[in-house]
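> Sharing a structure with you now.
Protein chains: 2
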Amino acid sequence: MEHRSKILDCTIRDGGLVNNWDFSVEFVQDLYNGLSAAGVEYMEIGYKNSPKLLNATEPNAWRFLDDNFLKEIIPEKKFTKLSALVDIGRVDPNDILPREQSVLDMIRVACYIREVDKGLELVQMFHDLGYETSLNIMALSSVPEHQLIEAFEMVKESPVDVVYIVDSFGSLDPADIEHQVKKFQAMIPNKQLGIHTHNNMQLAFANTLTAMRNGVTFLDSSVYGMGRAAGNCHTELLVSHIQKPSYEIKPVLGLIEKHMLEMRQKWEWGYIIPYMISGVLNEHPRVAMAYRDSADRDKFVDFYDKVTSPEANLAPASK
Amino acid sequence: MEHRSKILDCTIRDGGLVNNWDFSVEFVQDLYNGLSAAGVEYMEIGYKNSPKLLNATEPNAWRFLDDNFLKEIIPEKKFTKLSALVDIGRVDPNDILPREQSVLDMIRVACYIREVDKGLELVQMFHDLGYETSLNIMALSSVPEHQLIEAFEMVKESPVDVVYIVDSFGSLDPADIEHQVKKFQAMIPNKQLGIHTHNNMQLAFANTLTAMRNGVTFLDSSVYGMGRAAGNCHTELLVSHIQKPSYEIKPVLGLIEKHMLEMRQKWEWGYIIPYMISGVLNEHPRVAMAYRDSADRDKFVDFYDKVTSPEANLAPASK
Numbered sequence: 001m002e003h004r005s006k007i008l009d010c011t012i013r014d015g016g017l018v019n020n021w022d023f024s025v026e027f028v029q030d031l032y033n034g035l036s037a038a039g040v041e042y043m044e045i046g047y048k049n050s051p052k053l054l055n056a057t058e059p060n061a062w063r064f065l066d067d068n069f070l071k072e073i074i075p076e077k078k079f080t081k082l083s084a085l086v087d088i089g090r091v092d093p094n095d096i097l098p099r100e101q102s103v104l105d106m107i108r109v110a111c112y113i114r115e116v117d118k119g120l121e122l123v124q125m126f127h128d129l130g131y132e133t134s135l136n137i138m139a140l141s142s143v144p145e146h147q148l149i150e151a152f153e154m155v156k157e158s159p160v161d162v163v164y165i166v167d168s169f170g171s172l173d174p175a176d177i178e179h180q181v182k183k184f185q186a187m188i189p190n191k192q193l194g195i196h197t198h199n200n201m202q203l204a205f206a207n208t209l210t211a212m213r214n215g216v217t218f219l220d221s222s223v224y225g226m227g228r229a230a231g232n233c234h235t236e237l238l239v240s241h242i243q244k245p246s247y248e249i250k251p252v253l254g255l256i257e258k259h260m261l262e263m264r265q266k267w268e269w270g271y272i273i274p275y276m277i278s279g280v281l282n283e284h285p286r287v288a289m290a291y292r293d294s295a296d297r298d299k300f301v302d303f304y305d306k307v308t309s310p311e312a313n314l315a316p317a318s319k
Numbered sequence: 001m002e003h004r005s006k007i008l009d010c011t012i013r014d015g016g017l018v019n020n021w022d023f024s025v026e027f028v029q030d031l032y033n034g035l036s037a038a039g040v041e042y043m044e045i046g047y048k049n050s051p052k053l054l055n056a057t058e059p060n061a062w063r064f065l066d067d068n069f070l071k072e073i074i075p076e077k078k079f080t081k082l083s084a085l086v087d088i089g090r091v092d093p094n095d096i097l098p099r100e101q102s103v104l105d106m107i108r109v110a111c112y113i114r115e116v117d118k119g120l121e122l123v124q125m126f127h128d129l130g131y132e133t134s135l136n137i138m139a140l141s142s143v144p145e146h147q148l149i150e151a152f153e154m155v156k157e158s159p160v161d162v163v164y165i166v167d168s169f170g171s172l173d174p175a176d177i178e179h180q181v182k183k184f185q186a187m188i189p190n191k192q193l194g195i196h197t198h199n200n201m202q203l204a205f206a207n208t209l210t211a212m213r214n215g216v217t218f219l220d221s222s223v224y225g226m227g228r229a230a231g232n233c234h235t236e237l238l239v240s241h242i243q244k245p246s247y248e249i250k251p252v253l254g255l256i257e258k259h260m261l262e263m264r265q266k267w268e269w270g271y272i273i274p275y276m277i278s279g280v281l282n283e284h285p286r287v288a289m290a291y292r293d294s295a296d297r298d299k300f301v302d303f304y305d306k307v308t309s310p311e312a313n314l315a316p317a318s319k
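What follows is the structure, encoded as structure tokens:
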């Protein structure tokens, strides 16, 4: 399986959820060049949501990707393809150029299970514009079986290239992942699968390896794990562990050395006890993130009592 | 399998390799009480090697365990049993009391594959004194198959209770662990198995879960992962993930909150790039540990070049 797999690095997109996309142009260029030298197949350079639809008052280059800006900062494409993520209801179809006029190669659509129909409408549009597409179904660990079956009836008929298994809460272990992959394969045998993990229980890398060994081809990761809350599977681990002659670890080590240590000092992500607890409890990390921003950030027993008390109300289905 | 498994916490013993066993009596007592409240079955309270045989010039309470001292600081045993580790050629048999006169319940013998005969002599002696025993074969990832077969012929005939699979270099992944467990089970079907992992590639917890699901019963870990270099599987992850009603996470969270954050500030262990590299390369972490003590500690590309250059000579079989 290993030679068929592809790494999709989400450092900018998922990492932006940590620092409000406060990445310099130099960093994004270094990342693109480094990932290309490392043989990483895809880099997700941000969200392509609409500032208007989100009532944004500040510019945010990596949250509201603009094709002209992208062409300026990446005047020449190298090995790595570029992708962008969009959210249902937050993307303006008029913002999307035909692929041949864009620096982007792939557009990925994130949605919850109840919005799969809307997600597939977007997929169809991006597909017709020439893009590779994926559908990323979030919060999978909370999706009832019958909803998945209904959704997959629609997915099967869609032109979507890749369907992602997304462990949004970092609550799945390798046995769970294997179970999900087999379910997805049985229900949508005509689709490539992808995996997006979170590291709440230090299982992001192991879960990604398990998915790969069971036939999943698109592997999401980020350099030094940078991503919301506990972060993601680490790109450097995939590049060094997967037996593919085109992968080179040194350019990724160079990125970590030059940028990531300092960024980790400035912004927090990774294995941190409240995120471990939210993963164990299969909860969105939002409560844990708020706790980490408070004076009580290191009161782990209090946090555990709070989130497990009968009054706790922690898992609304919305973002 | 889960209900049969037992956690053996190595915080003091393996963590002592990080801080030269600079643990206060208060910390060790808190750890013992916390692990007992958490339902952790065993705590390894240190090494029972001989200061004379090691020509030690300084006292070191947790490296050279003394039964009288242990009785003073743990006057009353609670739920958790106590174990100690010994090394071949470093333990003086005259230092070992019969079990009924000791606070210790288990003595574990660490050895390399070529010393298994000597290891089993010690095991026999400790067994005859009434202790539970284990044989921990180190550096397993470098052991040739035929040596393992020869060693296991002796192990089969020994009274040893538990034989450990030790991933000394943190170089194994879950597929490797499954392979090793099945090999051990086929060769020594009459023995319980144990697993001791290192977290170089963020696989310590996943490897431990894989071992457990394949029938391994003794699971080594340490609180917040404290152990040499990349550290071990985290006790808090095992206690929160294993489905065993007797496990309680809160006492372990209390230990992390009260002690481990501060200790992690003072001493270094965990997922750190040079340790990741030594794991990937299946090398002892000693070169990486020396590098982390130098001014070049964060020059990851240089480190990689150094350890992969044709002149590098990194893996002598000795400790």
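Residue numbers (full-length UniProt numbering), protein chains in the order written: chain W, 1 to 319; chain L, 1 to 319. Glycine included, C-beta positions come from ideal geometry on N, C-alpha and C. Note that the structure is a prediction, hence the values are computed from the model and not measured.
#1: Please list the partners that Arg213/W has in chain L, where partner means a Cβ-to-Cβ separation under 8 Å.
#2: Starting from the C-beta of Asp14/L, find all residues in its chain whose C-beta is less than 7 Å away, skip the five residues before and the five after it, and write them out in chain order.
#3: Give me the Cβ distance between Gln180/L and Leu140/L, rounded to the nearest whole Å; I'm assuming they're in contact under 8 Å.
#4: By the 8 Å beta-carbon criterion, what residues does the segment 211-244 of chain W contribute toward chain L?
#5: From Leu54/W, Ile12/W, Tyr304/W, pick the residue whose C-alpha is nearest to that of Leu91/W; which is it?
#6: Which term fits Pro316/L, buried or exposed, when burial requires 16 or more other beta carbons within 10 angstroms of its beta carbon?
#7: Pop quiz: Ala230/L and Ile272/L are said to be a contact at Cβ under 8 Å. What is the actual Cβ separation, rounded to whole angstroms?
#8: Rounded to whole angstroms, what's the CA-CA distance from Arg213/L to Gln101/W? Just pull it up for me.
#9: Which residue marks the beginning of the beta strand (DSSP E) containing Thr133/W, and which one marks its end?
#10: Where does Lys306/W sit, in a helix, a strand or coil, going by DSSP?
#11: I'd like to know whether the C-beta atoms of Val103/W and Leu70/W end up nearer to each other than 7 Å.
#12: For the pair the segment 60-80 of chain W and the segment 268-288 of chain W, tell me if three or more CB-CB distances fall below 8 Å.
#13: Should Ala110/L be labelled buried (16 or more other beta-carbon atoms within 10 Å of its own) or exposed?
#14: Leaving aside the five residues before and after Val301/W along the sequence, list all residues of the same chain whose C-beta is less than 7 Å from its C-beta, in chain order.
#15: Any chance you could list the alpha helix (DSSP H) runs of at least 4 consecutive residues sitting entirely within the segment 251-280 of chain W, in chain order?
#16: What would DSSP say about Ala288/L, mapped onto helix, strand or coil?
#17: Less than 7 Å between CB atoms is the rule here; does Leu35/W satisfy it with respect to chain L?
#18: Name, in chain order, the residues that DSSP records as bridge partners for Leu82/W.
#19: In this structure, how does DSSP classify His179/W when only helix, strand and coil are distinguished?
#20: Indicate whether Ile45/W and Leu238/W have their beta-carbon atoms separated by less than 7 Å.
#21: Tell me the rounded alpha-carbon separation between Asp9/W and Val40/W.
#22: Residue range of the beta strand (DSSP E) that Gln29/L falls in?
#23: Does DSSP put Phe169/L in a helix, in a strand, or in coil?
#24: Flag Leu203/L as yes if its beta-carbon sits less than 7 Å from any beta-carbon of chain A, otherwise no.
#25: Thinking Val163/L and Ser134/L are a contact (beta carbons under 8 Å), I'd like their distance in whole angstroms, please.
#26: Expressed to the nearest angstrom, what Euclidean distance is found between the alpha-carbon atoms of Lys319/L and Leu97/L?
#27: Is Leu31/L close to chain W? Criterion is C-beta to C-beta, closer than 7 Å.
#28: With a threshold of 7 Å between beta-carbons, can Pro274/W be considered close to chain L, or not?
#29: Let me check understanding here. Comparing Cα to Cα, which of Leu122/L, Ala37/L, Glu262/L lies closest to Met106/L?
#30: Can you tell me whether DSSP reads Ser102/L as helix, strand or coil?
#31: Helix, strand or coil: how does DSSP classify Ala186/W here?
#32: Distance, Cα to Cα, Pro159/W vs Val25/W?
#33: Using a Cβ cut-off of 9 Å, pull out every chain L residue sitting near Tyr304/W, in sequence order please.
#34: How about Ala288/L: is its C-beta nearer than 7 Å to some C-beta of chain W?
#35: Can you grab the Cα-Cα spacing for the pair Trp269/L / Gly225/L, in whole Å?
#36: Check the C-beta distance from Ile249/L over to Tyr304/W and give it rounded, since I have them as a contact under 8 Å.
Reading off the structure:
#1: Position 213 of the first sequence, counted from the start, is the residue given in the question as residue 213/W. Neighbours of Arg213/W on chain L, chain order: Ala175.
#2: Here the question's residue 14/L lines up with position 14 in the second sequence. The residues are Ser222, Gly227, Arg228, Asn232.
#3: For the purposes of this step, residue 180/L is taken as the residue at position 180 of the second sequence. For the purposes of this step, residue 140/L is taken as the residue at position 140 of the second sequence. Their Cβ separation, rounded to whole angstroms, is 7 Å, which keeps Gln180/L and Leu140/L in contact under 8 Å.
#4: Arg213, His234, Glu236, Leu237, Ser240, His241
#5: Reading the first sequence from its first residue, position 91 is the one you call residue 91/W. In the sequence on display, residue 91/W carries Val and not Leu. Of the listed residues, the one whose Cα sits closest to Val91/W is Leu54/W.
#6: Counting from one through the second sequence, the residue named residue 316/L turns up at place 316. Low local confidence applies: a pLDDT of 44 at Pro316/L is under 50, so the model's placement there is unreliable, with the coordinate-based value given in what follows. By the neighbour-count rule (16 or more Cβ atoms within 10 Å), Pro316/L is not buried but exposed.
#7: As a first step, residue 230/L must be located in the second sequence, where it is residue number 230. As a first step, residue 272/L must be located in the second sequence, where it is residue number 272. That pair is a contact at about 7 Å.
#8: Sequence index remark: in the second sequence, residue 213/L carries index 213 (1-based). Sequence index remark: in the first sequence, residue 101/W carries index 101 (1-based). Distance between the alpha carbons of Arg213/L and Gln101/W is about 52 Å.
#9: Counting from one through the first sequence, the residue named residue 133/W turns up at place 133. Segment 132-137, the beta strand (DSSP E) holding Thr133/W.
#10: The count along the first sequence starts at 1 and reaches residue 306/W at position 306. In the structure shown, Lys306/W adopts helical secondary structure according to DSSP, grouped into three states.
#11: For the purposes of this step, residue 103/W is taken as residue 103 along the first sequence, with counting starting at 1. For the purposes of this step, residue 70/W is taken as residue 70 along the first sequence, with counting starting at 1. For Val103/W and Leu70/W, yes; Cβs fall inside 7 Å.
#12: no
#13: Position 110 of the second sequence, counted from the start, is the residue given in the question as residue 110/L. Buried is the call here.
#14: Position 301 of the first sequence, counted from the first residue, corresponds to residue 301/W. Cβ neighbours of Val301/W beyond the five flanking positions: none.
#15: 261-266, 273-280
#16: Here the question's residue 288/L lines up with position 288 in the second sequence. DSSP places Ala288/L in helix when its eight states are reduced to three.
#17: The residue given as residue 35/W occupies position 35 in the first sequence. Taking Cβ atoms only, chain L never reaches closer than 7 Å to Leu35/W, which makes this a no.
#18: Reading the first sequence from its first residue, position 82 is the one you call residue 82/W. By DSSP's assignment, Leu82/W forms a beta bridge with Met43/W.
#19: Working through the first sequence from its first residue, we reach residue 179/W at position 179. Helix at His179/W.
#20: Here residue 45/W corresponds to residue number 45 of the first sequence, with the count starting at 1. Here residue 238/W corresponds to residue number 238 of the first sequence, with the count starting at 1. The Cβ atoms of Ile45/W and Leu238/W lie no closer than 7 Å to each other.
#21: Locating residue 9/W in the first sequence gives position 9, counting from the first residue. Locating residue 40/W in the first sequence gives position 40, counting from the first residue. Looking at the two C-alpha atoms, the distance is approximately 7 Å.
#22: For this step, residue 29/L is matched to residue 29 along the second sequence. Where Gln29/L is concerned, there is no enclosing beta strand (DSSP E), although the alpha helix (DSSP H) it sits in stretches over 25-38.
#23: As a working mapping, residue 169/L is identified with position 169 in the second sequence. Of the three classes helix, strand and coil, the one that applies to Phe169/L here is coil, per DSSP.
#24: In summary, chain A is missing from the structure at hand, where the protein chains are W and L.
#25: Within the second sequence, the letter at position 163 stands for residue 163/L. Within the second sequence, the letter at position 134 stands for residue 134/L. Confirmed, about 7 Å.
#26: Sequence index remark: in the second sequence, residue 319/L carries index 319 (1-based). Sequence index remark: in the second sequence, residue 97/L carries index 97 (1-based). Residue placement at Lys319/L is flagged as unreliable, the pLDDT there being 38, under the threshold of 50; the coordinate-derived value follows with that caveat. Roughly 28 Å separates the two Cα atoms.
#27: Along the second sequence, read from residue 1 onward, the residue named residue 31/L stands at position 31. Not one chain W Cβ lies under 7 Å of Leu31/L.
#28: For this step, residue 274/W is matched to residue 274 along the first sequence. No, its Cβ sits nowhere closer than 7 Å to a Cβ of chain L.
#29: Numbered from its first residue, the second sequence carries residue 106/L at position 106. Among Leu122/L, Ala37/L, Glu262/L, the Cα nearest to that of Met106/L is on Leu122/L.
#30: As a first step, residue 102/L must be located in the second sequence, where it is residue number 102. Looking at Ser102/L - three-state DSSP - the assignment turns out to be coil, as it is neither helix nor strand.
#31: What you label residue 186/W is simply residue 186 of the first sequence in a count that begins at 1. When secondary structure is reduced to three states using DSSP, Ala186/W falls in the helix class.
#32: As a working note, residue 159/W is residue 159 in the first sequence. As a working note, residue 25/W is residue 25 in the first sequence. Distance between the alpha carbons of Pro159/W and Val25/W is about 34 Å.
#33: Here residue 304/W refers to the residue found at position 304 when the first sequence is read from its first residue. Correct list: Ile249, Lys250, Leu253.
#34: Position 288 of the second sequence, counted from the first residue, corresponds to residue 288/L. Ala288/L does not count as touching chain W.
#35: The residue you call residue 269/L lines up with position 269 of the second sequence. The residue you call residue 225/L lines up with position 225 of the second sequence. Rounded to whole angstroms, Trp269/L to Gly225/L spans 8 Å at the Cα level.
#36: For this step, residue 249/L is matched to residue 249 along the second sequence. For this step, residue 304/W is matched to residue 304 along the first sequence. About 7 Å separates the two Cβ atoms, so the contact holds.
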